[in-house]
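Here's the structure we're looking at; comments come further down.
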């Protein structure tokens, strides 16, 4: 007898429909698995055999052929255990299905018949809805995650026996439901606030500009000046995470199995701070079977690179394309995968190896060649792609000991939201939603300077030796500053402030 069930395979962060076909015929007892199964799938035969036996079902003493279609798609992971086991029960007559056509089954089996959570359930649920399925049977640990997708009945099972009950229409399990209102209440609740940071009002102003326009930011300062504290609080002033944005980012975490137990959607904008020993594959993604890297995990959030010069140069250079395009494509011999990577880059570094170059109270012990080698680890093209460079000096004792609170995240977020509203009205449905992503044509249209501003920008370009890319980035930042000031045009003061955010790197990186 032949049984057919629906399942899904994960390719990158996308789910692809897979039909599981199980045929049991008379012959020598043997189980054959075809359809390009990887090792984890080939080993499933032993897990399924023991799970069925331990639950009291009969393992067929006949020839069993399991086909995973399409045949040219590699299948990995243990998500096919449950549909294969159910297919064997149907093909041997031990279970008579009530509904198969509109139902998909997913799950990894333990030897005692329990069903373990799998990766990528959210993407699989989204694809199931797109395919017109109405029911999805998943492990209990993944049920909340899958239930985010509307128009699907999600059943969470703990054992193979519960899945059989749903299959034959003899189950008391109710579909799992997730309230979108409850999810919305959990969104954008942060444990940190900019009011925790004493002093550094200039750096906070730069943070507001970066958040308002989606600009990348580099902070340079001595150890302990508050660079990391500032960076960790940047997500708190970004616009609220919408359910759609949360869904996009959650798919990535789901595909990597990094969602916390019982978590349906990411509630806050992601903040990723990889260690400087990370490889280029860990940064942008890769592997034999391509998986997302840190830049994709920071999608719709912040990627923080502390101690920037300590990173491997190649790990930094691979950031160039994602910073420009908001996505990264990983190519292999047989296929390529594109991952989203739209994030705000925040980097921090010391001005020299010892960290005290330019400090008023400590003497720098580094020689000029040491400083040059240290700063030379960061390439000019990468610096060009960072819109703003600011100095974060040490905080005076009076400000540290003061009882007054600094500017809070709520006040800063109000400024950011006003500027974002200006940009929404400006760009509409053009695809661009922040000034930091304006195209060259949009820059010429929306960043028009008067004669005084043109003369200032020309002088800055000639004196600082800025590139054409830096020219455009100055105009983008100036447009954001004008939006924060509720000004329809870019005035001299706006352009002057924007140029000020580009002078520090030329002071340190002399060519």
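In my numbering, the protein residues as written are 27 to 537.
Just so you know, even glycine gets a beta-carbon here, dropped at the ideal spot from N, CA and C.
Terminal residues of the beta strand (DSSP E) in which residue i lies
i           : result
residue 304 : Where residue 304 is concerned, there is no enclosing beta strand (DSSP E), given that its DSSP letter is neither H nor E.
residue 165 : 161-165
residue 93  : 89-95
residue 30  : 28-37
residue 374 : 370-375
residue 182 : 179-183
residue 108 : Taken as a continuous stretch (DSSP letters only), residue 108 belongs to no beta strand (DSSP E), being part of the alpha helix (DSSP H) at 107-117.
residue 58  : 56-60
residue 136 : Neither: residue 136 is in no beta strand (DSSP E) and is coded neither H nor E.
Contacts around residue i, its chain only, beta-carbon distance under 6 angstroms, and the 5 residues preceding and following it disregarded
i           : result
residue 523 : 507
residue 20  : Because residue 20 is not part of the residues shown, which for the chain are 27 to 537, the question remains open.
residue 609 : Given a span of 27 to 537 for the chain in the structure shown, any question on residue 609 remains unanswerable.
residue 197 : 191
residue 168 : 143, 147
residue 392 : 378, 379, 380
residue 537 : Per-residue confidence for residue 537 stands at a pLDDT of 44, beneath the threshold of 50, marking its modelled position as unreliable; the derived number appears in the next sentence. The answer is none, since no qualifying residue turns up.
residue 90  : 50, 57
residue 28  : 49
residue 362 : 355
Cβ-based neighbour list, residue i, same chain, cut-off 7 angstroms, excluding 5 preceding and 5 following
i           : result
residue 40  : 149
residue 104 : 66, 70, 134, 144
residue 384 : 377
residue 123 : 116, 193, 194
residue 31  : 46, 109, 112, 113, 126, 131
residue 561 : The structure shown does not extend to residue 561, since the chain is modelled only from 27 to 537, so the question has no answer here.
Nearest-angstrom beta carbon gap, residue j and residue i [assumed within contact, 8 angstroms]
i           : j           : result
residue 95  : residue 44  : 7 angstroms
residue 517 : residue 263 : That belief does not hold up - the Cβ atoms of residue 517 and residue 263 are roughly 24 angstroms apart, past 8 angstroms.
residue 282 : residue 314 : So it is not a contact: roughly 15 angstroms between Cβ atoms.
residue 435 : residue 295 : At roughly 12 angstroms, the Cβ-Cβ gap does not stay under 8 angstroms, so residue 435 and residue 295 are not in contact.
residue 500 : residue 483 : 7 angstroms
residue 472 : residue 505 : 6 angstroms
residue 140 : residue 185 : 5 angstroms
residue 275 : residue 285 : No, residue 275 and residue 285 are not in contact; Cβ-Cβ is about 11 angstroms, not under 8 angstroms.
residue 214 : residue 273 : No, residue 214 and residue 273 are not in contact; Cβ-Cβ is about 15 angstroms, not under 8 angstroms.
residue 159 : residue 128 : 5 angstroms
Alpha helix (DSSP H) segment containing residue i, residue limits
i           : result
residue 230 : 227-239
residue 269 : 269-281
residue 394 : 394-401
residue 480 : 477-490
residue 440 : 435-453
residue 406 : 406-410
residue 154 : 147-156
residue 518 : 518-526
residue 253 : 253-258
residue 348 : 346-351
residue 193 : 186-193
Short Cβ contact (8 angstroms threshold) for residue i with residue j
i           : j           : result
residue 163 : residue 503 : no
residue 470 : residue 492 : no
residue 132 : residue 238 : no
residue 245 : residue 418 : yes
residue 304 : residue 248 : no
residue 77  : residue 130 : no
residue 345 : residue 292 : no
residue 397 : residue 378 : yes
residue 183 : residue 113 : no
residue 119 : residue 93  : no
residue 343 : residue 302 : no
residue 452 : residue 265 : no
residue 330 : residue 298 : yes
residue 101 : residue 64  : yes
residue 257 : residue 374 : yes
residue 48  : residue 117 : yes
residue 221 : residue 432 : yes
residue 231 : residue 425 : no
residue 68  : residue 54  : no
residue 240 : residue 462 : yes
residue 449 : residue 498 : no
residue 348 : residue 401 : no
Neighbourhood of residue i by C-beta, 8 angstroms cutoff - its chain only, sequence neighbours within 5 removed
i           : result
residue 204 : 170, 173, 174, 290
residue 465 : 458
residue 312 : 306, 319, 356
residue 353 : 364, 365, 366, 367, 368
residue 87  : 55
residue 443 : 265
residue 416 : 228, 229, 232, 243, 244, 245, 246, 527, 530
DSSP beta-bridge partners of residue i
i           : result
residue 421 : According to DSSP, which records beta bridges pairwise, residue 421 is partnered with nothing at all.
residue 220 : Answer by DSSP bridge pairing: none, since residue 220 is not bridged.
residue 362 : 357
residue 331 : 373
residue 98  : Answer by DSSP bridge pairing: none, since residue 98 is not bridged.
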